[in-house]
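Colleague:
Chains as they are written, first to last, in the working numbering: chain A, 238 to 506; chain B, 238 to 506; chain C, 238 to 506; chain D, 238 to 506; chain E, 238 to 506; chain F, 238 to 506.
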């Protein structure tokens, strides 16, 4: 897949102040004429080709304003780690409902929803799963992402809003540990994947695992080929360094057995 | 399957004042020594072998009190029709979280969770589905039931609390229309199914479709045979009467095409 | 399933002069007010509740007349044994096209199409197959029935005409040999199956294997439960007699190895 | 399925002195003219319609003599519990090889091989499995039975010897504990199953789970319908009594979690 | 895969005067010593290494002459667009029967049959399908290609004639619209695919989707790896240009929803 | 995948004197500090970084000594061709039991077990299979390898010893015939595969087909992606030469029809 095209006039990026949001902020400008950035709190000035609309996801009116006038949405906003249920309920459950209601009212027809590998974190690291394996969330965060996937399915079946649920693995500058050799998604591949979801002619409602072209992997994207994602990076170049600075996994530790890693032991809060 | 046994000392039935709650109230007494009944608002006096603990599912403290001291839970409580998101959020999302947290704290190890066929209501009436087909909820209510299924999966994988998610079809005294010839679940079969879920030696986390032994059906329970549910009733005896008083479905109407029936056209609220 | 209801005003039965046609002629009167009978050549007088419209299936105009005014069609007409290609082409390929074109023009919305187990006759007798196994026809006749299944799929996807493709096993007064212990379909069960296809609320495009409730079987109808067919007869009562008068199959004979039996050795003509 | 027929002239039953052997000894006489009984050591006199040929399964010459002249074999012989590897190697591995070599040399074309549910004992009691799930043996005994299944598959593919691998559950006069409510196979159903395997027109190489018509079950025989086994008994009549004298399973005990029950904790020897 | 080898002495290419026929005419010379070209009407002179045998596919005698003496057949002949049934019946149904009968009589053992993506045109563009998904033809043309697939299956199971059914996507110099970004098959990849089918040691009866290595695709060839097709081209280099000159698909248009594109709306004729 | 790392202190290679053993002897030194070599009979001197411990696999005491002190095992030892049952019983059945018992006693936690494509040799060359297809061994050797796979599954489920069962295709300097174009595994890819199995963070119990990146293949490794094997070689460069010196397969020869090639006709011994 070549350089993405300016397929959208005005594109909304939520969670723009976070780690992935920052990584996508520059990269997504090539996909649109105007990139609308949003987050809960102020995070600086809009630059050329940008505009900023702050919004609390739990506030339906603010979300409505945030969504008005955009062509498509890349929704990274909300909580992205295991946490107590109340903030997850507000940001990831009520928040995603508010987002889809706003999309429905304003006629936005395509959403890239940042789901998570923690929707299926209780599968084993020696299993290969695909998009139709039933959810096995590894925490309240994972459950909330499964909720978003189900809600977006409803908005597709009922209202025709296309969504790609991207089950992001571990998107960091480089893999931090042996587990991330399997789950790593480079920032550039993240952008390639989001671009593919935004521009493929027909998206439907699709679940895609977000990982780079790593040799070791647990996820099978063969049911999402219509998205057209072709990763270009690989964790393999970091492999030797990661092995050198980490020790072998202890198979008596659930964090080594299950795909969710340490998330399967987090909380309760 | 014979008459159920008193497999539990104290059994909690939530939503006891509703239609299904009333149907189960008498029938479940044979399964336990004490049947604790709960609903949001006062619904009369406890009878012999009963006790009543009122609770608002959205109130964690009240739910905690409701759950304390029981051996197992039959959770019918919450909203059971398509509705606006706010009450669904309170009763079916926060409510079910409160219930599982209380179960975890009090060591309750088995739950029968009233899920719904509306979790998969956007499959077609000419499709046969089983428990592992991905959710296709037909409304916010269906999405909230999918949430309960996912949350209970997490509480099983993490904390070992067994749950049967019973995707109830149409549980009424008799089938009201042609669609219910497929989805009908007699009250006695409902009780048989709940009894099986309560008493099977090992339940794990299971999804079971709740229908009687109807000739026409859309659901395949062959992956839940360990539950031991054997329906004894059938909608077939009502078939001729239903046909006589209803007209043929119009296949241009989504309510005739999809399994969810009229739910696929409900709302938005 | 109880006695069928008069679900149709005018029902067309093609191939009415053949073996199965005769078996259905009396039985189908309970399903309709008027039973229109058709075959290629004259076969006697219409009786009470009947009307006769002769037609050569390869003649579009005659087929059009035959179809005009009916509510639904049970299509047994055409060639039902292995034969040379030319008559098969006329009766089973051009003929079924003419039938569906007439149905489309006249707004007939439901067809029961007599397909055949010979669509999948090259599966082995030790294999269990269901409706989605790819065709493995055992002759030109089987290929022509596969054509009818595919054509009717197109008329459903494009024009909404519902069809049940009934892959009839061996429908005779009783099973003649050991193979028919698996494939036998009693006349009464044939009628039950056709009635179910005619009256189930939503049929879609369905493939159903037509066999009685035989202990030995090769076919799995679990993907056609929405049809509501519940067989009541069984070849088992004939088992001992069949064994007594037949010898054990020779597994070096393809007719014993494959489901199609002697058809797999028929022809070429 | 009705009373079995005398489908064989001379039928060999190995392991005739054991528990299941004794149960089948009387019952199998209706299937043949002469029932040849075999075991390792002397176990009494032949009765009318019987003959006795003792053989050590590990002794090829004795096995050859045992097999010579029979039409079909029901092979219960060998070790049927977890044990040290050496005796298993002799009786269940070398022994079954000797048996098939003798069958090949003497032209015996059908074998009913007593396999075991312990071939798949490491699946969970909340899983439903069918014949094509990969083996997960729960001990050396289970591994040896998987060996017999694989060996017989080879003798079918290469030499055309048909085998039914019957994965026997728990065949006792009645279920002893809660696990056996799922795994129980009555002696009469055992006989029905063996009779079906012996007499079905085409057996091929088939894997069949041997259980009665129990409400709770973990096994799906839908891929072996060509065998024609229809169980008539059920553990359900014993259910209440079993519950009364046993306590609820402890899900921290592997014997309660896995299908193999206590076998998963047996040995090493 | 390297340059193809001259694996055949005399190779027949039907439909040689058409678009794909012309593309293959030069390229296939490297696969054989003599390339026999055929079409219905005269289309010029044979060149070095070529011979021409004209034939009307509906004429059995002409087809017989056309086939006599060749080692293998690449069958592009017949109608390749949606059309009225009569010409499709002659060219694609009677024609393909004539071809296989001639192959059977003359001992030709391998055929590459140009099937079409329109055999499965009523799957959605957001679905990934493989060779065993049931046919969902999008027109009479697609139905006729399904007929050819089924007929060739019969000739393989009965007579051992190997066939590759190549479901060609869109084989043009370059993709014309957004749909063709998924379906495009370059002429060189078409040749690679036909060469692989002609030369792989064992072909059996195989269904292969004919597309280049496009990023966006709907088809999964993983069940045809024994064919050894490795595409080298990709529609991706045309992507930006295609987007620039076309507008976004309207999901209310069946041509945008279904894989068959505009074919799903063609006719009736 | 880059150059392997010294992931192990002391690594045991059995069957070190054989063809594959010799190929791995040099290559595996980069994976460990000390490479312990073993075979049944003396095969020369240990070189730098090596040590030699001879052992007869059928001798438990010798195997125990062989295994003591190693971190991981690459088990190529035993018989690797079709042979009489007695030596297979000793080396491949008793031998692999002895190996796993020694591993259990000495706490060795990872084994790479040289299984074989002959475990599934009776699948057809036109079928694509994956790890979960049931075994169809093509001889006693194949049955013994299936035994090793099942035994290692038990040692994983019961004792947590991870094993990769590598179903080696044809590992030679180059492919010898047309069948090997599909089955060929270069020595370097063999080493890459073994290295991946030794070093992947979590191996579990995995079945992997051992072939290079050949265009024609019959095996699908998509369920073993967690192993991280990425082949770099291909039989394709040898294709033309192989075709030039061999003739086309005769499909009447079982060796051409089945994946096992000539093995399906070997023996009996």
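Using N, Cα and C, we set each Cβ at its ideal position, and we do this for glycine too.
Go through its chain and collect everything with a Cβ distance to residue 436 (chain F)'s Cβ below 6 Å, but skip five positions before and after it.
Modeller: Counting from 1 along the sixth chain, the entry for residue 436 (chain F) is found at position 199. Same-chain partners within the cutoff: 244.
Colleague: Would you say residue 391 (chain B) and residue 399 (chain B) are within 8 Å of each other, going by their C-beta atoms?
Modeller: The residue given as residue 391 (chain B) occupies position 154 in the second chain. The residue given as residue 399 (chain B) occupies position 162 in the second chain. Not a contact, by the Cβ cut-off of 8 Å.
Colleague: Residue 421 (chain D) and residue 397 (chain D) - do their beta-carbons sit closer together than 8 Å?
Modeller: Taking the first residue of the fourth chain as position 1, residue 397 (chain D) is located at position 160. Taking the first residue of the fourth chain as position 1, residue 421 (chain D) is located at position 184. Cβ atoms of residue 397 (chain D) and residue 421 (chain D): not closer than 8 Å.
Colleague: Exposed or buried, what is residue 321 (chain D) when buried is set at 16 or more other beta-carbons lying within 10 Å of its beta-carbon?
Modeller: On the fourth chain, position 84 is the one that residue 321 (chain D) refers to. With fewer than 16 Cβ atoms within 10 Å of its Cβ, residue 321 (chain D) is classed as exposed.
Colleague: Determine the direct distance from the alpha carbon of residue 412 (chain A) to that of residue 507 (chain A), and round the result to whole angstroms.
Modeller: Summary: the structure shown does not reach residue 507 (chain A), with chain A confined to residues 238 through 506, and so no result is reported for it.
Colleague: Which same chain residues, not among the five before or five after residue 280 (chain F), have their C-beta less than 6 Å away from its C-beta?
Modeller: Here residue 280 (chain F) corresponds to residue number 43 of the sixth chain, with the count starting at 1. 254, listed in sequence order.
Colleague: For chain F, is any of its Cβ atoms less than 8 Å away from the one on residue 411 (chain A)?
Modeller: As a working note, residue 411 (chain A) is residue 174 in the first chain. No - not a single Cβ of chain F is within 8 Å of the one on residue 411 (chain A).
Colleague: Under 8 Å, with one C-beta from each stretch per pair, do the stretch 284–297 of chain A and the stretch 319–335 of chain A reach the 3-pair mark?
Modeller: yes
Colleague: Determine, using beta carbons only, whether residue 460 (chain F) and residue 454 (chain A) come nearer to each other than 8 Å.
Modeller: The residue given as residue 460 (chain F) occupies position 223 in the sixth chain. The residue given as residue 454 (chain A) occupies position 217 in the first chain. Their beta carbons are not under 8 Å apart, which means residue 460 (chain F) does not touch residue 454 (chain A) by this criterion.
Colleague: Which residues of the stretch 431–458 of chain D have a Cβ closer than 8 Å to any Cβ of chain C? Give them in chain order.
Modeller: In summary, the residues of the stretch 431–458 of chain D whose CB is separated from some CB of chain C by less than 8 Å are 433, 436, 437, 438, 439, 440, 441, 442 and 443, in the order they occur in the chain.
Colleague: For residue 291 (chain F) versus residue 273 (chain F), is the C-beta distance shorter than 8 Å?
Modeller: By 1-based counting over the sixth chain, the position of residue 291 (chain F) is 54. By 1-based counting over the sixth chain, the position of residue 273 (chain F) is 36. Taking 8 Å as the Cβ cut-off, residue 291 (chain F) and residue 273 (chain F) do not qualify as a contacting pair.
Colleague: Residue 350 (chain F) and residue 269 (chain F) - do their beta-carbons sit closer together than 8 Å?
Modeller: Stepping through the sixth chain from its first residue, residue 269 (chain F) is reached at position 32. Stepping through the sixth chain from its first residue, residue 350 (chain F) is reached at position 113. Cβ atoms of residue 269 (chain F) and residue 350 (chain F): not closer than 8 Å.
Colleague: Take the Cβ of residue 283 (chain F) as the centre, count every other Cβ of all protein chains shown within 10 Å, and call the residue buried at 16 or more, exposed below.
Modeller: In the sixth chain, counting from the first residue as 1, residue 283 (chain F) sits at position 46. An exposed status is given to residue 283 (chain F), since fewer than 16 other beta-carbon atoms sit within 10 Å of its beta-carbon.
Colleague: Mapping the DSSP letters down to three states, classify residue 361 (chain C) as helix, strand or coil.
Modeller: The sequence position of residue 361 (chain C) within the third chain is 124, counting from 1. In this structure, residue 361 (chain C) counts as strand in the three-state DSSP scheme.
Colleague: Taking 8 Å as the CB-CB limit, is residue 383 (chain B) close to chain A?
Modeller: As a first step, residue 383 (chain B) is located in the second chain; it is residue number 146 there, counting from the start. Chain A contact via Cβ: present.
Colleague: Just to confirm the assignment, what range does the alpha helix (DSSP H) spanning residue 343 (chain C) have?
Modeller: Translated into positions along the third chain, residue 343 (chain C) becomes position 106. Per DSSP, residue 343 (chain C) is one residue of the alpha helix (DSSP H) stretching across 332–343.
Colleague: Any beta-carbon of chain B closer than 8 Å to the one on residue 336 (chain D)?
Modeller: The residue given as residue 336 (chain D) occupies position 99 in the fourth chain. It does not; no Cβ of chain B falls within 8 Å.
Colleague: Give me the residue from B:246, B:389 and B:276 with the minimum Cα distance to residue 256 (chain B).
Modeller: Start at 1 with the first residue of the second chain, and residue 256 (chain B) comes out as number 19. For the residues B:246, B:389 and B:276, the minimum Cα distance to residue 256 (chain B) belongs to B:276.
Colleague: Which same chain residues end up closer than 6 Å to residue 327 (chain F) when comparing Cβ atoms and leaving out the 5 residues on each side of it in sequence?
Modeller: As a first step, residue 327 (chain F) must be located in the sixth chain, where it is residue number 90. Closer than 6 Å at the Cβ level, and outside the excluded window around residue 327 (chain F), lie 295.
Colleague: Among D:373, D:366 and D:385, which one has its Cα closest to the Cα of residue 374 (chain F)?
Modeller: Position 137 of the sixth chain, counting from 1, holds the residue named residue 374 (chain F). Of the listed residues, the one whose Cα sits closest to residue 374 (chain F) is D:385.
Colleague: Applying the criterion that 16 or more other CB atoms from any shown protein chain within 10 Å of the CB defines a buried residue, is residue 353 (chain B) buried or exposed?
Modeller: Taking the second chain and counting its residues from 1, the one referred to as residue 353 (chain B) is at position 116. The residue is buried, with at least 16 neighbouring Cβ atoms inside 10 Å.
Colleague: Measuring CB to CB, does residue 449 (chain B) end up less than 8 Å from residue 426 (chain B)?
Modeller: Here residue 449 (chain B) refers to the residue found at position 212 of the second chain. Here residue 426 (chain B) refers to the residue found at position 189 of the second chain. Yes, they are a contact pair.
Colleague: How should residue 347 (chain F) be labelled, buried or exposed, when 16 other C-beta atoms within 10 angstroms of its C-beta is the threshold for buried?
Modeller: Position 110 of the sixth chain holds residue 347 (chain F). Here residue 347 (chain F) is buried, its C-beta having at least 16 other C-beta atoms within 10 Å.
Colleague: At the level of alpha carbons, what is the spacing between residue 308 (chain A) and residue 271 (chain A)?
Modeller: Taking the first chain and counting its residues from 1, the one referred to as residue 308 (chain A) is at position 71. Taking the first chain and counting its residues from 1, the one referred to as residue 271 (chain A) is at position 34. Approximately 10 Å, taken between the alpha carbons.
Colleague: Residue 363 (chain D) versus chain B: which residues are under 7 Å apart at the beta carbon?
Modeller: Here residue 363 (chain D) corresponds to residue number 126 of the fourth chain, with the count starting at 1. Chain B residues near residue 363 (chain D): 439, 440, 441, 443 and 463.
Colleague: With a threshold of 16 other CB atoms inside 10 Å of the CB of residue 203 (chain B), please say whether the residue is buried or exposed.
Modeller: Past the edges of chain B, shown from 238 to 506, lies residue 203 (chain B), and the structure says nothing about it.
Colleague: Around the Cβ of residue 312 (chain D), are there at least 16 other Cβ atoms within 10 angstroms (buried) or fewer (exposed)?
Modeller: Position 75 of the fourth chain, counted from the start, is the residue given in the question as residue 312 (chain D). Classification of residue 312 (chain D): buried, given that the 10 Å Cβ count is 16 or more.
Colleague: Less than 8 Å between the C-beta atoms of residue 378 (chain F) and residue 439 (chain F), yes or no?
Modeller: Working through the sixth chain from its first residue, we reach residue 378 (chain F) at position 141. Working through the sixth chain from its first residue, we reach residue 439 (chain F) at position 202. No. Outside cutoff.
Colleague: Could you check how far apart the C-beta atoms of residue 310 (chain B) and residue 345 (chain B) are, in whole angstroms? I think they sit under 8 Å.
Modeller: For this step, residue 310 (chain B) is matched to residue 73 along the second chain. For this step, residue 345 (chain B) is matched to residue 108 along the second chain. 6 Å between Cβ atoms; contact.
Colleague: Using the DSSP secondary-structure output, state which residues sit across from residue 402 (chain A) in a beta bridge.
Modeller: Counting from 1 along the first chain, the entry for residue 402 (chain A) is found at position 165. Note: residue 402 (chain A) sits in a beta bridge opposite A:350 and A:444.
Colleague: Helix, strand or coil for residue 373 (chain D)? Go by DSSP, reduced to three states.
Modeller: In the fourth chain, counting from the first residue as 1, residue 373 (chain D) sits at position 136. In the structure shown, residue 373 (chain D) sits in coil (DSSP, three-state: anything other than H, G, I, E or B).
Colleague: In angstroms with no decimal places, state the Cα-to-Cα distance between residue 265 (chain E) and residue 432 (chain E).
Modeller: Along the fifth chain, one-based indexing puts residue 265 (chain E) at 28. Along the fifth chain, one-based indexing puts residue 432 (chain E) at 195. Taking the straight line joining both Cα atoms gives about 8 Å.
Colleague: Can you check the stretch 269–341 of chain D for any beta strand (DSSP E) of at least 3 residues that lies completely inside it and give the ranges in chain order?
Modeller: The qualifying runs are 269–274, 287–289 and 309–312.
Colleague: Looking at chain C, which residues of the stretch 368–379 of chain E have a Cβ within less than 9 Å of any of its Cβ atoms?
Modeller: 368, 369, 370, 371, 372, 373, 374, 375, 376, 377 and 379
Colleague: Near residue 293 (chain C), what residues of its chain come up, given a Cβ to Cβ distance below 6 Å and the 5 sequence neighbours on each side ignored?
Modeller: Indexing the third chain from 1 puts residue 293 (chain C) at position 56. These residues qualify, in order along the chain: 277 and 299.
Colleague: Give me the subset of the stretch 297–330 of chain A whose CB atoms are less than 9 Å from a CB atom of chain E, sorted by chain position.
Modeller: none
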